[in-house]
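Only one structure is covered here, and it is reproduced in the block below.
2 protein chains.
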Amino acid sequence: MNLSIAEENYIKSIYKLQEGDEVVTTNALAYELDTKPASVTDMAKKLNAKKLIDYEKYKGITLSAEGKKAALQIVRRHRLWECFLVDKLAFSWEEIHELAEELEHVRSEKLTNRLSEYLGNPVIDPHGDPIPDAHGKMAKPRPQTSLDQANAKRLVVTAVTDQSTALLAFLNAKGIKLGTQLEIVAHYEYDNSIEIKLKQLPALTISEQVAKNIMVRPV
Amino acid sequence: MNLSIAEENYIKSIYKLQEGDEVVTTNALAYELDTKPASVTDMAKKLNAKKLIDYEKYKGITLSAEGKKAALQIVRRHRLWECFLVDKLAFSWEEIHELAEELEHVRSEKLTNRLSEYLGNPVIDPHGDPIPDAHGKMAKPRPQTSLDQANAKRLVVTAVTDQSTALLAFLNAKGIKLGTQLEIVAHYEYDNSIEIKLKQLPALTISEQVAKNIMVRPV
DNA sequence: TTAATTATTTAGATTTGTCTAAATAATATT
DNA sequence: AATATTATTTAGACAAATCTAAATAATTAA
Ligand SMILES: [Mn+2]
Ligand SMILES: [Mn+2]
Ligand SMILES: [Mn+2]
Ligand SMILES: [Mn+2]
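So the protein lines, in turn, are chains A and R.
Position 21 of the first sequence, counted from 1, bears residue number 21 in full-length UniProt numbering, the numbering being contiguous throughout.
Position 164 of the second sequence, counted from 1, bears residue number 164 in full-length UniProt numbering, the numbering being contiguous throughout.
If you want it as structure tokens, here you go:
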């Protein structure tokens, strides 16, 4: 099955929006891909014909087994290139997504596997997301919660769910990265903002929106 | 000026066929790009409108100053990725062209320059071709001739002009690579084949076609 | 349960890059 | 110089991916 770049981007976005087994709606996919619902309907028909998704008029989209396999390969390439850019070329985590969005479309298993090997077969990418192996198997992520719902006091940052440059740049500015340890000092009921403290730094208050996108686990 | 992948491939092929200042013909470009002359005419009109080439009906194609600049950037990316694949991922020289053909279209100056730095700012690629720097400047290639026209006896391989997998695989099999030293043992007038001797190896005879594509210089 | 709203699909158009077949221009041959 | 051959361009078509505007289905609210 030879996929175009556009088809690959659709498959990957469907995978992302599925999160388990939820049906993906036309509008959600259009928003995610920054395109129009009419375009999504067109592509849905095509991917359905290619048996990469299950799609019926008005009933939403899910990946077929084959589509899921394809998605995992694309995600693998995306995340490996992100590792390369950070580990080898010293990019920072807010610059890499865009570049990986293009590099992921170079479809060579040999290249992908060599790259993985060269990087030491990493299992998480610079944003804390797991990297599928050559067979599409992914390490189950260790239990983690978003910072706004954490109940333990002492936490470590394990991932960031929103990968927009804006959020990542904000976290950079505040010294928050993967592995950063922090303590919750206070919850403010008024706007659900949270005061946290990083080692060696003065406490700072972050908005609910930020807290929702930082994943953490205890100690 | 934002170029599509197709436009970049055209620009690069025109650059390749120009070799100095020769006018590139419609048919030659069609052959090089494995497409049809009619398609070349269409694209020529477009690139001319974008001022990347000079083109007049029936008068052939040359790159404009801007087109040449664009070409050098693409060539730079192509050859840097080839270096990466060989030096870091242990690919051999006959496997890399195809992959670089895709990687070259990731248009990020920052990525390109970081990659160059990471590789130690190489000035020749795995096929012996010079790599333009960030400003498009290329080391002038040291004087070299094709093996079939060399008159010195003791020679060193400096480049390979035909980058087809077939030729490169042949050279691999015979132990000929960049930097290989060889001696010309005999010219056979009948078919212009050449007998050569590599250190520690029995002499071998290569066809005129092969000899034409191996570039060498004395000692 | 009808009416209003929202979501989705269809119809028809557009852009990009390609093609085939036919027409025309340039070049080579007699 | 006329003719044959080759090179190039044009005309018209097509596939992929997108869009806008209109139609229709599904959902929600009254
Ligand atoms: Mn992408
Ligand atoms: Mn990532
Ligand atoms: Mn290319
Ligand atoms: Mn090369």
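Cβ coordinates follow ideal geometry from the N, Cα and C atoms, glycine included.
As the structure is a prediction and not an experimental result, all values here were calculated from the model.
The beta carbon of A30/A sits closer than 8 Å to those of K36, P37, S39 and V40, all from its chain and outside the five residues before and after it, given in chain order.
In the structure shown, V106/R falls within a coil segment according to DSSP collapsed to helix, strand and coil.
For M43/R, the number of other beta carbons within 10 angstroms of its own is at least 16, and it is reported as buried. Boundaries of the beta strand (DSSP E) harbouring Y188/A: Q181 to Y188, taken from the DSSP string. Any Cβ of chain R closer than 7 Å to the Cβ of V23/A would place that residue at the interface, and such an atom is absent.
Rounded to whole angstroms, the separation of the alpha carbons of K51/A and E66/A is 7 Å. For a cut-off of 8 Å, the C-beta gap from L147/A to I214/A is around 4 Å, short enough to register as a contact.
The continuous stretches of alpha helix (DSSP H) do not include M215/R, which lies in the beta strand (DSSP E) extending over residues I214 to P218. Not one heavy atom of ligand 2 falls within 6 Å of the beta-carbon of H105/A.
For the segment 16 to 54 of chain A, the continuous alpha helix (DSSP H) assignments of 4+ residues that do not extend past its boundaries occur at 26 to 32 and 37 to 49, in sequence order. With fewer than 16 other Cβ atoms from the protein chains shown falling within 10 Å of its own Cβ, L201/R counts as exposed. Its chain contains D148, D191, N192 and S193 as the residues whose beta carbon lies nearer than 7 Å to that of E208/R, once the 5 sequence neighbours on both sides are disregarded; these appear in chain order.
Any Cβ of chain A closer than 7 Å to the Cβ of R114/R would place that residue at the interface, and such an atom is present. Residue environment: Y10/R is assigned as buried (16 or more neighbouring CB atoms within 10 Å of its CB, all protein chains considered). Proximity to L99/A across K59/A, L33/A, T205/A and H78/A peaks at H78/A, based on C-alpha coordinates. When secondary structure is reduced to three states using DSSP, T161/A falls in the coil class, being assigned neither helix nor strand. Using a C-beta cut-off of 8 Å, the segment 97 to 115 of chain R makes contact with the segment 71 to 87 of chain R, since at least three inter-stretch Cβ pairs fall below that distance.
Only buried fits V160/A, as 16 or more other CB atoms lie within 10 angstroms of its CB. With 16 or more neighbouring CB atoms inside 10 Å of its own CB, P126/R falls in the buried class. Annotation for I61/R: the continuous beta strand (DSSP E) segment containing it runs I61 to L63.
V157/A places its beta carbon 7 Å or farther from that of V86/A. Taking C-beta atoms as the reference points, V106/R and G60/R fail to come closer than 7 Å.
The beta carbons of L63/A and I124/A sit no closer together than 7 Å. Relative to I5/R, the option among A28/R, A49/R, H97/R and E104/R whose CA is nearest is E104/R. Within chain A, the C-beta atoms nearer than 7 Å to that of Y118/R come from K88 and L89, in chain order. Near ligand 3, meaning a beta-carbon closer than 5 Å to one of its heavy atoms, we find N9/R and E101/R. The beta-carbon of V106/R is placed less than 7 Å from the nearest beta-carbon of chain A. With a contact defined as Cβ atoms closer than 8 Å, H97/R and Q163/R qualify at about 5 Å.
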